[in-house]
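Novice: Quick one: structure below, then a few questions.
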Amino acid sequence: MLPDPIDRATLPRATLTPPRRRRISAIWLIPLIAAAVAIGIAVNRIMNQGPTITIIFNSAEGVEAGKTFIKYKDVKIGQVTAVELYQDYSKVIVTARIDKHAEGLMVEDANFWVVAPRVTLSGVSGLSTLLAGNYIGFEQGHANRAGRRFVGLEVPPAVTIDQPGRQFQLSADDMGSLGIGSPLYFRRLQVGQVIAYALADDGKSVSIRVFVNAPYDRFVATDTRFWNASGVDVSLGAGGLDLRTQSLVSLLIGGIAFESPSFAATSEPAAAGSAFPLYGDRTTALKQPDTIARSYVLYFSESLRGLSAGAPLTLLGLPAGEVTQVGVDLDPVKLAVRGRVEVVAYPERIVARLQTQQSAAGQAIVQSEQATHALFKRLVEERGLRAQLRSGNLLTGQLFVALDFFPDAAKPDVDWTQATPAIPTVPGTMPDLEAKVTAILAKIDALPFKAIGADLKKVIESLDKTLKDVNKAVNRIDTGLTPELVSTVADLRRALDSADRLIKSTDATLLGEDAPGQIQLRDALEEIAGAARAVRGLSDYLERQPASLIRGKTEKSP
Amino acid sequence: MTSMGNTETLACPDCDLLQVVPELPPGAKASCARCGRTLATRTTDPIERPLALSIAALLVLILANTAPLMGLSVVGQQASTTIVGGAWQMWVQGQELTAIVVAFCAVFAPAAYLLCTLAVLLAARRPPAPPWVGDLLRWAEAMQPWSMVEVMMLGILVALIKIAELATVEPDIGMYAVGVLMLLIPAIQSSFDPEAIWKRVTWADDGSLPVDDAVQADGTLNLRSAP
Amino acid sequence: MTTSALTAARAGLVSCGTCGLLAAPASPAAPGHCPRCGARLAVRRRGSVETTWALVIAAAICYIPANLLPVLGTTTLGSTEYDTIMGGVVFLFTSGSWPLALIVLIASVMVPLGKLLALAYLLITVQRGSIAGNRERTRLYHLVEFIGRWSMLDVFVDTFTVALVQLSPLMSVQPGAGVVFFAAVVVLTMIAAESFDPRLIWDAGTETEPDVA
Chain L
2 MLPDPIDRAT LPRATLTPPR RRRISAIWLI PLIAAAVAIG IAVNRIMNQG
52 PTITIIFNSA EGVEAGKTFI KYKDVKIGQV TAVELYQDYS KVIVTARIDK
102 HAEGLMVEDA NFWVVAPRVT LSGVSGLSTL LAGNYIGFEQ GHANRAGRRF
152 VGLEVPPAVT IDQPGRQFQL SADDMGSLGI GSPLYFRRLQ VGQVIAYALA
202 DDGKSVSIRV FVNAPYDRFV ATDTRFWNAS GVDVSLGAGG LDLRTQSLVS
252 LLIGGIAFES PSFAATSEPA AAGSAFPLYG DRTTALKQPD TIARSYVLYF
302 SESLRGLSAG APLTLLGLPA GEVTQVGVDL DPVKLAVRGR VEVVAYPERI
352 VARLQTQQSA AGQAIVQSEQ ATHALFKRLV EERGLRAQLR SGNLLTGQLF
402 VALDFFPDAA KPDVDWTQAT PAIPTVPGTM PDLEAKVTAI LAKIDALPFK
452 AIGADLKKVI ESLDKTLKDV NKAVNRIDTG LTPELVSTVA DLRRALDSAD
502 RLIKSTDATL LGEDAPGQIQ LRDALEEIAG AARAVRGLSD YLERQPASLI
552 RGKTEKSP
Chain V
7 MTSMGNTETL ACPDCDLLQV VPELPPGAKA SCARCGRTLA TRTTDPIERP
57 LALSIAALLV LILANTAPLM GLSVVGQQAS TTIVGGAWQM WVQGQELTAI
107 VVAFCAVFAP AAYLLCTLAV LLAARRPPAP PWVGDLLRWA EAMQPWSMVE
157 VMMLGILVAL IKIAELATVE PDIGMYAVGV LMLLIPAIQS SFDPEAIWKR
207 VTWADDGSLP VDDAVQADGT LNLRSAP
Chain E
3 MTTSALTAAR AGLVSCGTCG LLAAPASPAA PGHCPRCGAR LAVRRRGSVE
53 TTWALVIAAA ICYIPANLLP VLGTTTLGST EYDTIMGGVV FLFTSGSWPL
103 ALIVLIASVM VPLGKLLALA YLLITVQRGS IAGNRERTRL YHLVEFIGRW
153 SMLDVFVDTF TVALVQLSPL MSVQPGAGVV FFAAVVVLTM IAAESFDPRL
203 IWDAGTETEP DVA
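So the protein sequences, as listed, match chains L, V and E. Read in this note's numbering, the first sequence has 432 at position 431, and its numbers run on one by one without any break. Read in this note's numbering, the second sequence has 208 at position 202, and its numbers run on one by one without any break. Read in this note's numbering, the third sequence has 134 at position 132, and its numbers run on one by one without any break.
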C-alpha cells in the first residue's frame, strides 16, 4: 500500500554541495613537464657552451662549417661554425665554438693547424683524414692569458711543446739534403728530428736546430759529434771508395747521426740548446784530433797528377799522416822545375798501432819532439826511409805518398835543421811500366811486315795467273793443246820454285839461326820479359792487398 | 518531452540531411541519422584540456625543430640534422619544390594549427570571444589535414633503420620530441570541441551572442538570415 | 535512402562549411557569408566535380614519372647509383628488412594508386547518378581522405636520408628527379579529396540540382 502522500514542498532540502572545481586540473602537468624539459635542455646547452674563437688561415682546406671538429689528443674540443673569406679575400677566417670543458686550453699562444693527409720528410701523416675529413689540430700553449683570436699555422709544428726531450743547435757549411723533419739517429735508431734551420747572420754557415726525444737526449754529451748521415756517404779519394748509409729513410731524405767518440773521456750530458758543429761524414766527425804533427816537404820529378791535398801519407802501408799541399818548385838558376809536396805526419797514429808492450815506449818517444826527430833521422839515413808516389786507385788514377824502406837507396843529403826538412824521394813505379809497354810496341812496330806482305802479294798474283792459264788449257785440251799444257806446267813449276825461294828467304830472315829478324824478335821478347817482371812485382803486392785495387789503401783510424 | 535545453538543427556535412541534434551529455556524440557520420562530440573539458595540451605541444614542437633528430657516425665522420635541416638539404640539392612541401607539412602546418588552436582557446575562455576567433578556428581546421607529424615520425624511423645498416645511428632529442608531438596532437584533436567554441563566439554580423535555443517551442526553426 | 529525405539543399537552406550553422541563404545565386563565423557560404563545394577531375588527372600524370624516375641516388666513393621507389622496395626486401619493404610498398605505391582509382570511381558514380551503395561510397571517400597523408612517407624518408648521409667521399645521397613528382601526387590527391563534395553522392536520385557552379 502506498504511504500517505507527502507534500514534497514541505520536505527539507538536502544541502547541496556544488562540485568542487579543482583550481587546476591534472592535465596541466603535461605542459609543465614539457616546459620543464624544454627549459632544462636549453639551459644545459647554454651552460655547456664554451667560448667562440676565431682562427685565421691562409687557406682552410677541407674545413666545413658545422662539420669540421677541433681535436686535441684525439678528443673533440670544439667545432667549426663558420668559414669565411677575410681581409680583402687574402685569408680565411674560421669561427669555432669550443666545448666548455676545453675552455681552459684557449690561451694566447695555443696553436691551430689543419690536419690533412701530408707527406713530409719524416713520414706520411694524417691518412685517417682521407675518409673522416680534415680536422683542426691543437697544440697547447703555456701562456696565462686567455685568447680568443688566433692565427693558424700553415704546417703542423714539428714537435709538440709538451714532448720531453732537448733541443740542440748545430752549425754546418750547408744544408745538404736536410730539411725540417729530417731524422736524427743514434746507433741507427731514430731519436729525434730537425725542427728548424736558418742561415747564419754572416751567411757563412747554416744553423740547424734539432730536437732529441727523451730518454735519448741524455746520450748527447759535451763531446758528442754530429755528422750528416744523408743519403749515401760516398767518398772517393785516395783512400778509396767508401760507402755508408744510416737507413733507407736517410738514403732518401737525409738525416743526422751522432755518437760520442771512443777516445773521449766520459763527459756530462750537454745542456739544452748547446751548439755543436755538424761534420760532413762519420769519418771526419770521429776523427781523433792529432795533437802532434810534423811537417816535411818532398820533391818529385815525376808527374804529380792524381795527388791532391788530403791524400794519405802511409808508412809500410799504415796511415801516418796526410798531404797538405801539392805544388811546384822552380829553380830559376838551374831552370829546374819539379814537384813540391808538403806532408804532415802524425806519429801518434803509428804509435797507436804498436803492440801493448812497445806502446809505452813509443808514446814516450812521440811525446818528446827531440826523440821523434832523432828516430826519424836515423830511419832516413841508416835504414833508407824514402818517400815514393804510389797509385792509390787504378780506376781514378789517384796517388798517395808512401814512406817505405829502400836499403839500396843512395845516401841522402838532408838538411835536418830546417823547420820542414826535405825527405829524399824515390821515383815511383808507375812511369817505369808505362815506358816498357811503349818500348814493346815500338819493337813490334819495327818488324818488316810490309816487305813480307809485298812479296806474298806478288806470289799470289802469279799463282792466280797460272791458275787462269791452267783453266784455259783445260778448256782447250780437246783441241790438242798438249804442248801448251806442257809449257803451262813449266810455268807452274817455275812459280812454285819462286814461291819456294821466297819461303826459304823468309826462313832465312826469321827462322835461321842468325836470322836478323829473329835477333830483333829475341830482343823484343827480352824486353817483354823485363816488363813482365815489373808487372809481377805489382801483382805480388796486389796479392797481399787484393782489395786495394778497388779501395786503395784505407786510412782507418784505430 | 519537449526539446528543452540546448538543441541544434544541423545539415549533415556528408549527406546534407536536416536533423535535430539533442543536447549531449559530456563524452557523448551524435551521429547522422542517415549516413552515420559523427555530427557533434561533447568533450568533458573543452577549453582547459586542449589548452594545456596545446601549450605543451608548442613547446615540444620548438624542441623538435631545434634539437637534432639523430646523430650518425661512420669511419670517424659524423652527421646530424634537424627537421628544418632536412628541408634545407633538399633545397640545396635542387629540390626546391619538395623542400617547400616538406617544410609545410612538417613544420608550418603543425605550428599554424597549434598556434591557432591556442589562440582560439585562450580567447574563448571568457566569452564573448572576438570574431577573429572564428577566422583562426577556420585556419586551424584547414591546417589540420596538412599537419603530418606522425607520417614524418614513421619516415624518420624508416630512414634511421636504413642508415643504421651502414653507420652507427643514435636517436637524439629531436626524435623523441617528434614522438611526443605525435601523441599530443591527436590528444588535442580529440579533446577539442568546436561546438563549444562556436557557442562562445560572437556572431559575425551583429556581435550578439548566439541564441542557445534555435528551435522555438512550436517546433519551427528560428533561423537567422544570412546577410 | 528515400528521395523524400529532407536535405538542406532541398529545403533551400545552406549549411556553413566551417562552423556547421544552418542558415537561410541571402539569395539563391549568391548565398553570402555565414552570420556566425563569416565564412563564405556555398550549397555545394564550388565546381566540385570539375575541380576534382582536373586534380585527379594531374595527379595521375605525375604518378608515372614518380615511379619511373629515380628518387634517390647513392654515391659511394665516387660512383653513383640511382634507385626508383620500386627499386628501393626491392632493395629493402632483399636486404632482409621486409617489414620496411612492405610499409614503403603500401604507402608509396599502392596508396596513391588506390586514391586515384577511388576518386575516379567516386566521380564516375556521381556523374552517372548512381544511387546504390551511398554509405559505402561515403566511407570510401573518408578512407581516401584519411589515408592520403601517409603517401607522404617516402618523401620524408628521402629527405632525412639525404640530410644525414652527406659523408663524402665515403658515401653521400642525393635526391632524384622523381621525388618532386611523388610529392606532387600526394599534394594533388589531397586537394582533390578536399574539393570533392561527398554530399553529391547522396544527391543522386533526388531532384536537387544544386547550383554546382
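Glycine included, each C-beta is placed from N, C-alpha and C at the ideal position.
Let me know if V/Glu201 comes out buried or exposed under the rule of 16 or more other beta-carbons within 10 Å of its beta-carbon.
Specialist: Under this definition V/Glu201 is a buried residue.
Novice: Is L/Ala310 near L/Tyr347, with beta carbons less than 7 angstroms apart?
Specialist: Not closer than 7 angstroms, so no.
Novice: Alpha carbon to alpha carbon, how far is L/Pro216 from L/Leu190?
Specialist: Roughly 12 angstroms separates the two Cα atoms.
Novice: Count Cβ pairs between the region 172-191 of chain V and the region 90-101 of chain V that sit closer than 8 angstroms; are there 3 or more?
Specialist: Segments in contact, no.
Novice: Taking Cβ positions, are L/Gly180 and L/Asn214 nearer each other than 7 angstroms?
Specialist: Contact: no.
Novice: Between V/Ser153 and V/Pro177, which are expected to be in contact by the criterion C-beta below 8 angstroms, what is the C-beta distance as a whole number of angstroms?
Specialist: With a Cβ gap of about 22 angstroms, V/Ser153 and V/Pro177 do not count as contacting.
Novice: Confirm, please, whether the CB-CB distance from L/Val93 to L/Ala66 is below 7 angstroms.
Specialist: Not a contact, by the Cβ cut-off of 7 angstroms.
Novice: Three-state secondary structure (DSSP) at V/Leu187?
Specialist: If DSSP states are grouped into helix, strand and coil, V/Leu187 belongs with the helices.
Novice: Is L/Gly307 near the ligand NAD - that is, is its Cβ less than 6 angstroms away from at least one heavy atom of it?
Specialist: As for the ligand NAD, it is missing from this structure, which has no ligand bound.
Novice: Can you list, in chain order, the residues of its chain with a C-beta nearer than 7 angstroms to that of V/Ile194? Leave out the 5 residues immediately preceding and following it.
Specialist: Closer than 7 angstroms at Cβ, skipping near neighbours: Pro56, Leu59, Ser60, Ala63, Thr123.
Novice: Express the C-alpha separation of V/Pro19 and E/Leu15 in angstroms, rounding to a whole number.
Specialist: Spanning the two alpha carbons is a distance of roughly 13 angstroms.
Novice: Report the rounded CA-to-CA distance for E/Ala28 versus V/Thr87, giving the unit in angstroms.
Specialist: Distance between the alpha carbons of E/Ala28 and V/Thr87 is about 54 angstroms.
Novice: Is it true that the region 100-113 of chain L meets the region 28-36 of chain L, where meeting means three or more beta-carbon pairs spaced less than 8 angstroms apart?
Specialist: Touching, no, given that fewer than three Cβ pairs across the two stretches are closer than 8 angstroms.
Novice: Taking the straight line between their C-alpha atoms, what separation do you get for V/Pro28 and V/Lys35?
Specialist: Approximately 10 angstroms, taken between the alpha carbons.
Novice: Tell me the residue span of the beta strand (DSSP E) that contains L/Asn112.
Specialist: Here the beta strand (DSSP E) through L/Asn112 covers 112-116.
Novice: According to DSSP, is V/Gly140 helix, strand or coil?
Specialist: Residue state, collapsed to three classes: helix.
Novice: Does L/Ser26 come within less than 7 angstroms of chain V when only Cβ atoms are used?
Specialist: Cβ-Cβ to chain V under 7 angstroms: yes for L/Ser26.
Novice: Using DSSP with H/G/I as helix, E/B as strand and the rest coil, what is L/Asn214?
Specialist: Reduced to three states, the DSSP call for L/Asn214 is strand.
Novice: Using 10 angstroms around the beta-carbon of L/Ser369, count the other beta-carbons present and answer buried if the total reaches 16, otherwise exposed.
Specialist: Its Cβ having fewer than 16 others within 10 Å, L/Ser369 is exposed.
Novice: Any beta carbon of chain V sitting closer than 7 angstroms to that of L/Ala39?
Specialist: So, interface residue.
Novice: Buried or exposed: which applies to L/Leu171, given that a residue is buried once 16 or more other Cβ atoms fall within 10 Å of its Cβ?
Specialist: Per the 10 Å Cβ criterion, buried.
Novice: For the alpha helix (DSSP H) that contains E/Ser50, what are its first and last residues?
Specialist: 50-70 is the extent of the alpha helix (DSSP H) around E/Ser50.
Novice: Does the beta carbon of L/Ile31 sit closer than 7 angstroms to a beta carbon anywhere in chain V?
Specialist: With 7 angstroms as the cut-off, L/Ile31 counts as an interface residue toward chain V.
Novice: Using 8 angstroms as the threshold, is the region 118-138 of chain V in touch with the region 19-27 of chain E, meaning 3 or more CB pairs across them?
Specialist: They do not touch, by the three-pair rule.
Novice: Report the neighbours of V/Arg206 on chain E: residues whose CB is nearer than 9 angstroms to its CB, in chain order.
Specialist: Within 9 angstroms Cβ-Cβ: nothing; V/Arg206 doesn't reach chain E, min ~11 angstroms.
Novice: When the Cα atoms are used, what is the spatial distance from E/Ala194 to E/Ile203?
Specialist: When rounded, the distance between both Cα atoms is 16 angstroms.
Novice: Under the assumption that E/Ala206 contacts E/Val91 (Cβ atoms under 8 angstroms), give the Cβ distance between them as a whole number of angstroms.
Specialist: Not confirmed; about 39 angstroms, so no contact.
Novice: Hey, how far is the Cα of L/Pro413 from the Cα of L/Ala423?
Specialist: Answer to the nearest angstrom: the Cα atoms are 10 angstroms apart.
Novice: Report the rounded CA-to-CA distance for E/Leu74 versus V/Gln101, giving the unit in angstroms.
Specialist: One C-alpha to the other measures close to 12 angstroms.
Novice: Mind checking L/Asp479: buried by the 16 CB within 10 Å criterion, or exposed?
Specialist: Reliability of the predicted coordinates at L/Asp479 is poor, the pLDDT of 47 falling under 50, and no value is obtained from them.
Novice: Step through the CB atoms of chain L and report whether any lies within less than 7 angstroms of the CB of V/Ile61.
Specialist: Taking Cβ atoms only, chain L reaches closer than 7 angstroms to V/Ile61, which makes this a yes.
Novice: Do you know offhand how far E/Leu142's Cα is from E/Ala120's?
Specialist: Going from the Cα of E/Leu142 to the Cα of E/Ala120 covers about 7 angstroms.
Novice: When the Cβ atoms of the region 68-85 of chain E are set against those of the region 175-187 of chain E, are three or more pairs found closer than 8 angstroms?
Specialist: They touch, by the three-pair rule.
Novice: How about L/Gly393 and L/Phe406: do their beta carbons lie closer than 7 angstroms?
Specialist: It is not a contact, given that the beta carbons lie outside the stated cut-off.
Novice: Rounded to a whole number of angstroms, what is the C-alpha to C-alpha distance between L/Asp498 and L/Ala443?
Specialist: L/Asp498 and L/Ala443: Cα-Cα distance of roughly 35 angstroms.
Novice: With H, G and I counted as helix, E and B as strand and the rest as coil, what does DSSP make of L/Ile56?
Specialist: DSSP places L/Ile56 in strand when its eight states are reduced to three.
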